[in-house]
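See structure below.
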Amino acid sequence: MASVVFLNGEFLPREEAKLSVDERGFLFGDGIYEVTRVVGGRLFESGRHLKRMWRGARELRLNVTMSSEALIDAHLRLLRENGLTDGEAYVYLQITRGAAPRTHHFPPAGTPVTVYLSATRFLPPDEKRAAGVSAVTYPDYRWSRCDLKTVNLLPAVMAKQHAADHDAFESIFVRGAVLTEGSHTNVFGVLDGELRTYPNSNFVLPGVTRDLVVELAKGLDFPVNETPIYTHEVPQLTELFLTGTTSDVMPIVRLDGAVVGDGVPGPIARQLHEALVARMAEAAPLGAGAR
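At position 265 of the sequence shown the residue is numbered 265 (my numbering), and the sequence of numbers has no breaks.
Here's what the structure looks like:
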């Protein structure tokens, strides 16, 4: 892990970063987070990440006083402090409602939020992508505001552990008879030549990479239908893949032990990954995005 972190306006060694036991992120999971990819020292799609963060802050009524520009500046300095201005990395941002005596209702007005960032070197999982990965399904017992990227991640933890228990790369949530999303990814399938994915709603996170892949697919003239994939349709899928900030486009070649399509990464997933990598390479200079 990187040795310098940002905590409430200070850049300090990780071992010196301390939080109060009254911190509401610790007591309640009362906060939001974002993970932004870094390529060659530049934040990739920072505007989209900040837009989603500000929406989460509004929905949770978090009084975030740092501006988008200040947050971007903190990201960039953190990369410099940790020697991560070349190659690939990612920056983790977490904002919670702060520290206050434990009550379920919000603390008194004026209680400062807690802002934390860390930066980590990243190596894309290209070997796994070349071969394709396995996934397993997992019941979607989560609450109905999955569109908010909160730090309440116990369902994702349990689902990811289920995948680890079965030597799989990811768990895919199933709500009723529908594939919704992965524990930390979005899910796409190809059926009758059409790209399918769960529509953005309160039941899935509006993934930054998901939305970008939809745009790239349309630019490549792939038919896109933002309609759920039903469990009974899975055997007819010719491709199944995941998207995410650290997964990019990841082909699934086995689901619950059954072969998907031809059992190898498919051409649509491959072309979309190539298009995504090209977009990263040509990314414009850093911008703070919109609040």
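We treat Cβ as the ideally placed atom computed from N, Cα and C, and that holds for glycine.
Rounded distance between the beta-carbons of residue j and residue i, thought under 8 Å
i	j	result
L212	E45	7 Å
A163	H184	Actually they do not touch by this definition, with Cβ atoms about 10 Å apart.
H49	E69	Contact flag wrong, Cβ pair sits at about 14 Å.
V178	P228	4 Å
L242	G189	Rounded, the Cβ-Cβ distance is 11 Å, inconsistent with contact.
E226	T197	6 Å
E239	P251	7 Å
G98	P107	7 Å
T180	D140	5 Å
G302	N186	In the structure displayed, the chain extends from 1 to 291; residue 302 sits before or after that span and is not available.
Selected residue, minimal CA-CA separation from residue i, among the options
i	options	result
R121	A100, V151 and L84	L84
L191	L216, V260 and D30	V260
F26	Y92, T96 and H273	T96
G207	G193, D248 and A99	D248
K18	L117, R80 and A283	L117
R145	R55, P107 and D86	R55
T36	L93, D167 and F188	L93
A217	E274, A74 and R80	E274
A100	E181, E226, S20 and N200	S20
V38	R142, Y198 and T246	T246
M280	L43, A109, F203 and I252	L43
Y230	G219, P199, V174 and H104	V174
G176	D256, H166, Q161 and F203	F203
I172	H166, P251 and A159	A159
R142	T65, L205 and L276	L205
R14	F106, L78 and L71	L78
E233	E215, E194, G219 and P223	E194
L255	A278, A168 and N82	A168
F11	P108, H75 and V64	H75
P235	L220, D262 and F222	D262
A119	D86, H104, T65 and V187	D86
E23	G41, V214 and R102	R102
V277	A258, T209 and G257	T209
G257	H166, V214, P199 and G219	H166
L123	Q161, G219, G40 and E215	G40
Span of the beta strand (DSSP E), counted from its first residue to its last, around residue i
i	result
V38	G31 to V39
F11	E10 to P13
E170	E170 to R175
G182	V178 to G182
Run of the alpha helix (DSSP H) containing residue i, from where it starts to where it stops
i	result
L7	Taken as a continuous stretch (DSSP letters only), L7 belongs to no alpha helix (DSSP H), being part of the beta strand (DSSP E) at V4 to L7.
R52	S46 to L60
D73	S68 to E81
K18	From DSSP, K18 is part of no alpha helix (DSSP H); its letter is neither H nor E.
H162	L154 to D165
E282	No alpha helix (DSSP H) holds E282; DSSP gives it neither H nor E.
Problem - Ordered list of beta strand (DSSP E) runs contained in the region 187 to 248, each at least 3 residues - result: Whole beta strand (DSSP E) segments, 3+ residues: 194 to 197 and 239 to 244.
Practice task
Determine contact between the region 127 to 138 and the region 259 to 273, defined as no fewer than three beta-carbon pairs at a distance below 8 Å.
Solution key: Three or more Cβ pairs drawn from the region 127 to 138 and the region 259 to 273 lie within less than 8 Å of each other, which places the two stretches in contact.
Problem - Contained beta strand (DSSP E) runs [length at least 3] in the region 89 to 134, N- to C-terminal order - result: If we require 3 residues or more, the beta strand (DSSP E) runs fully inside the region 89 to 134 come out as 114 to 121.
Handout entry: Any 3 or more C-beta pairs closer than 8 Å across the region 135 to 143 and the region 106 to 114
Key = Not touching, per the Cβ criterion.
Practice task
Take every Cβ of the region 50 to 61, pair it with every Cβ of the region 4 to 11, and state whether three or more of those distances are shorter than 8 Å.
Solution key: Taking 8 Å as the limit for Cβ pairs, the verdict is that the region 4 to 11 does not touch the region 50 to 61.
Practice task
Give a yes or no on contact between the region 144 to 153 and the region 15 to 35, applying the rule of three or more CB pairs nearer than 8 Å.
Solution key: Under the Cβ criterion (8 Å, minimum of three pairs), the region 144 to 153 counts as touching the region 15 to 35.
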